[in-house]
Amino acid sequence: MSNPFDDIPFDDGPAPSRNNTSPAPKHAGGSGIAARAMAARSAPRYLEGLNPEQSRAVETVEGPVLVLAGAGTGKTRVLTTRIAHILGQGLAWPSQVLAVTFTNKAAREMKERIGVLVGGAVEGMPWLGTFHSIGVKILRKHAELVGLKSDFTILDTDDQIRLIKQLIQAEGIDDKRWPARTFAHLMDSWKNKGWGPGDIPEGDARAFANGKGRELFTAYQDRLRTLNAADFGDLLCHPIRILKNHPDVLAEYHAKFKYILVDEYQDTNIAQYMWLRLLSQRPKGRPANICCVGDDDQSIYGWRGAEVDNILRFEKDFPGAAVIKLERNYRSTAHILGAAAHLISHNEDRLGKTLFTDEADIDDPKVQVHAAWDSEEEARAIGEVIERLYSDQNDLNEMAILVRASFQMREFEERFIKSGINYRVIGGPRFYERLEIRDAMAFFRVVCQPADDLAFERIINVPKRGLGDASVRLIHDYARRKDIPMLAASAELIESTELKPKPRAALREVVLNFERWANALENTEHTELAETILEESGYTGMWQADRSAEAPGRLENLKELITSMSEFESLRSFLEHVSLVMDVEQNPDDDKVSIMTLHAAKGLEFKTVFLPGFEEGLFPHQRSLDEGGRNGLEEERRLAYVGLTRAKINCHIWFVSNRRIHGLWQSTIPSRFLDELPTTHVDVADPPSGYGGGNGGYGQSRFDKAEPFQNTYSTPGWARAQANKTDATRNNWGSRSGANVERIGYGETDSRRGAGRGSIKGTMIEGELVAKSVADKPSDFTVGDRVFHIKFGNGNIVQIDGNKLTVSFDKAGEKKVLDGFVEKV
DNA sequence: AATGCGGGTCTTTTT
DNA sequence: GACCCGCATT
């Protein structure tokens, strides 16, 4: 099949304008998109309706430009119009514009919208895509410069970890103490910085496996080269190395890319930054035409190496840069913007923007804060609001539930299935990560790329054909000894007597199968071939014979896989697509509520947004606080800001008093972010009907008598918390005491207060003081003690494991709970 | 070689 | 609580 690179002529001939400052050239018909863009030029309708800042961002095409685009200020519109403008003015051919996005979704959207502007599809924009997809393109073209072949395979995380594991074991390192996963993350962070084995600082190298970090890294890269494979990080790092070490190649790209556009600049990591720097270099005195669009307040990917610094430093990096702020918001009501602005103002590291809107309506609802007893009630209450809105003629498509962590999703799914609310999960367990899909893909990979040992190892004994560990090791060792791929090694081994007759026959069949399929590759329709492969390998049969509950679903998925292949022209281009685009597009025609993480929600908007889980420890997430300190907290706050600004009209925030984390019930306190919302834009909503009553199977909660949240939220305690919020906030995250201690403290406080006075929530806000006094109290339980638990009622301790108690509750049965949540009775 | 059990681990976000 | 892994058993 053809190299994906082939269909893009690398040299388009001279640019419409070699010299950027020269007048626009005459156009000789040419590719469809440019011609259409030309037609639009006489009446550049696309410029209509832009506000002055947006117009400036579109029309300042020469030199470096930083567009600070707040949420909902028309960022994508600016980017796409800018491209249309560049094409329309004849400043560059479509193939001379490099436009990088961070996600596939964003790239897709931009393509579509440029298409609308220019009136047609965007076939002519080959260099519009994610960093990774463009990296692949460059790498395929120059693969030999880093010791790869152009048809290298792209490893996903799973392959990567299996490979690292092999290497760790080969080095004689205990893979229990030094897990492959950990090293994968470590190496990932190195690659995010653009480092190769030689570049990592001594300290970093020593940090893993008693100083074997560097050797492992080297061994890993060597192995990738023999496998003719690249991992995700390499898709950025290899091109950087190529551009750095080969001035002629760099010059080619310099000549090629007249205009560079970068979306979500705040999310770029160091490697991506280096990559952009290289490509945007220009001869002395000639500033690059690079336009970076981003929002420092929406930088939420620090944990995977993004450097907010890149955007904060832009003017230094590109002297003379024009900086354009987009602050007029076209999405949300003044209440939502007011709430979001006040929240984000608690961050210190900002370039400082304030969103505004003129569209203030007295009827606009404020941001609603709700309390629920536990996650179950939270889901039910949100479901009820959704049903109410739905019967009020609101589309489910206009509603979204945005969670901090994916485990929160399950509760909503269960609830919605029960009550028949249609929903879609975005970014959940992915199609291409399913076992059967990965197996099937492994077959295809070996057919297309016989040196792909990882794929080969995955399916050599699938379905079971008697080639167990012993046989695999034999093949593996033989291959390594002769320095050939395992499939080739197998072909040799079946001619010898090294294997016992049984496995030998099985292996022979495998080898012959792959030979036959590889031969069919050129002259068989690829969907047909794929089906044949799954059929003849016995893979389909394996699942047909499987009586387990999930087998039919798996077969269904395999069918789906084949179907989705038909859109591609070959098996190979399909494989490429899958490795880069792990998500499957959802059908927007069905009316469904979206459930997704806050991270996945960036860039989207909904009329109504639900933000559950505003509790300390979950949001802000404890781990961000522990590992990231103040920066971590600020990133969490930006995440909250992203969440709020997704809403156009309604924004509902929820928090619960009890959440099950790691299988244990824990009391929680409301998120500090709630304290950071301005009262002028926020309403504390009525408690849901049946508050505290629907606790399911564990009998009457003593909180049934508790006053509703509403009352306590407006108590002096709440007012005081508001007044002191700066102090309170600082207190909370300043201490390294850790949330566990705090939670235990609060938990005890809770049950005590709750028992006597019927006021829960007041405690939580004021709780700090109380918490400190109880946190250090040693727990003194013994097996057999009679205890009371806030949720499960009375019971007897049957086992104690540190601070974990196993209690046999009278009504709820046996549960594991932390000792902080029960008290002796 | 395949299956089943028990223990240990890990639970934020993802191109 | 859920999942993964290794071990022991057949």
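Residue 166 in the UniProt record's numbering is what sits at position 166 of the first sequence, and the numbering runs on without skipping anything.
All C-beta atoms in this analysis are idealised placements derived from N, C-alpha and C, irrespective of residue type, glycine included.
Sequence-distant residues of the same chain with beta carbon closer than 8 angstroms to residue i, five excluded per side
i    : result
L467 : I460, N461, P503, A506, L507 and V510
G72  : N329, Y330, R331, S332, L355, E605 and T645
R113 : T76, R77 and T80
A184 : T157, Q160, I161 and I164
T782 : I797 and I800
N740 : For N740, the pLDDT reaches just 24, beneath the cut-off of 50, and the residue's location in the model is therefore unreliable, although a value from the coordinates is still provided. So no residue of the chain qualifies.
G320 : G63, P64 and P287
Integer-rounded CB distance, given that residue j should sit under 8 angstroms from residue i
i           : j    : result
F606        : K648 : 7 angstroms
Y259        : Q89  : About 11 angstroms; that fails the 8 angstroms criterion.
F443        : L534 : 7 angstroms
A601        : G643 : 7 angstroms
P450        : Y539 : About 18 angstroms separates the two Cβ atoms, so there is no contact after all.
L227        : L454 : 7 angstroms
residue 866 : P612 : Only positions 1 to 825 of the chain appear in the structure, and residue 866 is not among them; the question remains open.
L435        : G70  : Contact flag wrong, Cβ pair sits at about 42 angstroms.
Identified DSSP bridge partners for residue i
i    : result
T101 : T130
T597 : V403
D683 : Q368
V262 : V100 and C292
S624 : In DSSP, S624 forms no bridge with anything.
Residue of the options minimising C-alpha distance to residue i
i    : options                   : result
F318 : E307, V308, I290 and I300 : I290
K212 : I168, W190 and I240       : I168
H246 : M596, H370, I138 and K464 : I138
G352 : N397, I270, R638 and L529 : R638
V425 : E411, I437, L435 and L580 : E411
N631 : G302, A170 and F131       : G302
A92  : L68, E215 and V61         : V61
E515 : S537, E498, L499 and K256 : S537
Q166 : N587, E457 and E615       : E457
L261 : E627, M409, R277 and E252 : R277
D452 : K193, H132, I154 and R434 : I154
N519 : M441, L677 and V447       : V447
D188 : A230, R430 and T226       : A230
A640 : Q298, R430 and F431       : Q298
D263 : W127, E315 and V293       : V293
K316 : M110, V65 and Y253        : V65
L98  : K256, D395 and R547       : K256
I362 : Q272, I661 and T680       : T680
Euclidean distance between Cα positions of residue i and residue j
i           : j    : result
S808        : D819 : 14 angstroms
K592        : M542 : 35 angstroms
L235        : N269 : 13 angstroms
Q710        : H370 : Confidence in Q710 is poor, its pLDDT being 31 and thus under 50, which makes the residue's placement unreliable; the coordinate value appears in the next sentence. Taking the straight line joining both Cα atoms gives about 9 angstroms.
G172        : T218 : 16 angstroms
Y390        : R380 : 15 angstroms
E823        : R786 : 8 angstroms
L618        : A405 : 8 angstroms
R623        : G629 : 9 angstroms
residue 826 : P52  : It is not possible to answer for residue 826, since the shown part of the chain is limited to 1 through 825.
I311        : F568 : 37 angstroms
G129        : W195 : 24 angstroms
A400        : G63  : 40 angstroms
S667        : R465 : 52 angstroms
A545        : E531 : 17 angstroms
Cβ neighbours of residue i in the same chain (closer than 6 angstroms, five flanking residues each side left out)
i    : result
D374 : V656 and N658
F416 : Y423
N397 : D591
D683 : K366 and Q368
I382 : F610
S566 : T527
G135 : L235, L236 and P239
L529 : A520
D267 : F102, Y301 and A306
Same chain, Cβ closer than 7 angstroms to residue i, neighbours up to 5 away in sequence not counted
i    : result
V817 : L664, W665, H789, L805 and V807
R206 : G213
V146 : H238, R241 and I242
I475 : M486, A489, S490 and L493
S55  : L47
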